[in-house]
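Quick note on this note's numbering: the sequence shown kicks off at 495 and runs consecutively.
The block underneath contains the structure these notes are about, expressed in structure tokens.
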Amino acid sequence: MAAQVGSGDYKFERVPSWPNMPKYWEMGLASDGAVNSKNEVHIFSRGLHPVTIWDTDGNFISSWGEGTFSANPHGIYIAPNDNVWLVDRDYHIATEYSPAGKELRTLGEKLAPSPSFQGMPFNMPSGIAVAPNGELFASDGYGGHRVHKFSADGELLHSWGMEGSGEGTFKLLHNIWVDSRSRVFIADRENDLIQIFDADGNFLEQWDDVVRPGSMVMLDDIVYVIESGPQGGISIFDLDHNLLSSWRSNEPQEGSIIGGHGICVDLDGNIYVTEIGNGA
Numbered sequence: 495m496a497a498q499v500g501s502g503d504y505k506f507e508r509v510p511s512w513p514n515m516p517k518y519w520e521m522g523l524a525s526d527g528a529v530n531s532k533n534e535v536h537i538f539s540r541g542l543h544p545v546t547i548w549d550t551d552g553n554f555i556s557s558w559g560e561g562t563f564s565a566n567p568h569g570i571y572i573a574p575n576d577n578v579w580l581v582d583r584d585y586h587i588a589t590e591y592s593p594a595g596k597e598l599r600t601l602g603e604k605l606a607p608s609p610s611f612q613g614m615p616f617n618m619p620s621g622i623a624v625a626p627n628g629e630l631f632a633s634d635g636y637g638g639h640r641v642h643k644f645s646a647d648g649e650l651l652h653s654w655g656m657e658g659s660g661e662g663t664f665k666l667l668h669n670i671w672v673d674s675r676s677r678v679f680i681a682d683r684e685n686d687l688i689q690i691f692d693a694d695g696n697f698l699e700q701w702d703d704v705v706r707p708g709s710m711v712m713l714d715d716i717v718y719v720i721e722s723g724p725q726g727g728i729s730i731f732d733l734d735h736n737l738l739s740s741w742r743s744n745e746p747q748e749g750s751i752i753g754g755h756g757i758c759v760d761l762d763g764n765i766y767v768t769e770i771g772n773g774a
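Given below as structure tokens:
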């Protein structure tokens, strides 16, 4: 019997050997995941089949995106209309696709990074999220150290942030999410923080009880945070920062979450963690 983790209303049991890989396939380094309205799990990986789609039992449905991305694709976000946003760190772009994988539009210019000191998108971006009003927020994580706000049509409206360790500055914006209150959450991994802003970039608060937060996902106003490193694990909060459940690995062992990079939750509340290793 698999060990249980978590506490209270948020207890989980590890499912070994998920998913059921097609014969002769390898997943590659799994960077991030997302779930659509059909409860289909999308995994964005650094392999021959970058976008793979599975049912919740781990059975293969389809794949797309072969030959499209750099060696370091990074973030995935599925919008309410089930369109798929994919962020390619090394190509310096965020691209929207139809559910079937048809390219719809791209923010940024492929292989044309913005100089870091100019503060324009993008320089090694990490993630993107859609606000309740349709506006887009992107984390320009590795090179830009900024958040970029776009209109629903893709027009750049505002940017904020710089490299640092104080409020409103970032060491590594590793991913981004927008909650039901239109607050922008940043997983500032190397500062061990989740920083929270209003939609205009004004600093609201920060959560400092997380360890190297790689990403977060929200379902029914519950925040699931993936934490990486030797004490990696998962913490679950409500929107007011009340801790609902948490588990971490005090030392590496079988089943430990060490290289947690991305996280998603299906419509039944099951958690999926993508692991890729430290520093990516």
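Positions of the beta carbon are idealized from the N, C-alpha and C atoms, including for glycine.
Since the model is a prediction, treat every value here as computed from it, not as a measurement.
Exercise. Do you know whose CA, among Ile730, Asp692, Gln498 and Gly723, lies nearest Glu629's CA?
Worked result: Asp692
Exercise. Nearest-angstrom Cα distance between Asn772 and Ile757?
Worked result: Unreliable placement is indicated for Asn772, whose pLDDT of 49 sits below 50; the coordinate value is still reported in the next sentence. Rounded to whole angstroms, Asn772 to Ile757 spans 15 Å at the Cα level.
Exercise. Straight-line CA distance for Gly615 to His568?
Worked result: Looking at the sequence provided, one finds Pro at residue 615 rather than Gly. So the two alpha carbons sit approximately 16 Å from each other.
For this session: In the DSSP assignment, find the unbroken beta strand (DSSP E) run with Thr550 in it and report its ends.
Result: Unbroken run through Thr550: none, as it is neither H nor E.
For this session: Give me the Cα-Cα distance between Phe679 and Gly522, rounded to the nearest whole angstrom.
Result: 28 Å
For this session: Report the three-state DSSP secondary structure of Ser645 (helix, strand or coil).
Result: coil
For this session: Return yes when the Cβ of Asp549 is within less than 8 Å of the Cβ of Ala565, no when it is not.
Result: no
For this session: Please check the pair Gly726 and Ile690, which I expect to be a contact at CB under 8 Å, by giving their CB distance rounded to whole angstroms.
Result: Wrong, their Cβ atoms sit about 22 Å apart, outside the cutoff.
Exercise. Skipping 5 residues on each side, what residues in its chain have a beta carbon closer than 6 Å to that of Val529?
Worked result: Val535, Cys758 and Asp760
Problem set entry | Range of the contiguous beta strand (DSSP E) that encloses Pro707 | Pro707 to Leu713
For this session: Just the C-alpha distance for His755 and Trp741, rounded to the nearest angstrom, thanks.
Result: 16 Å
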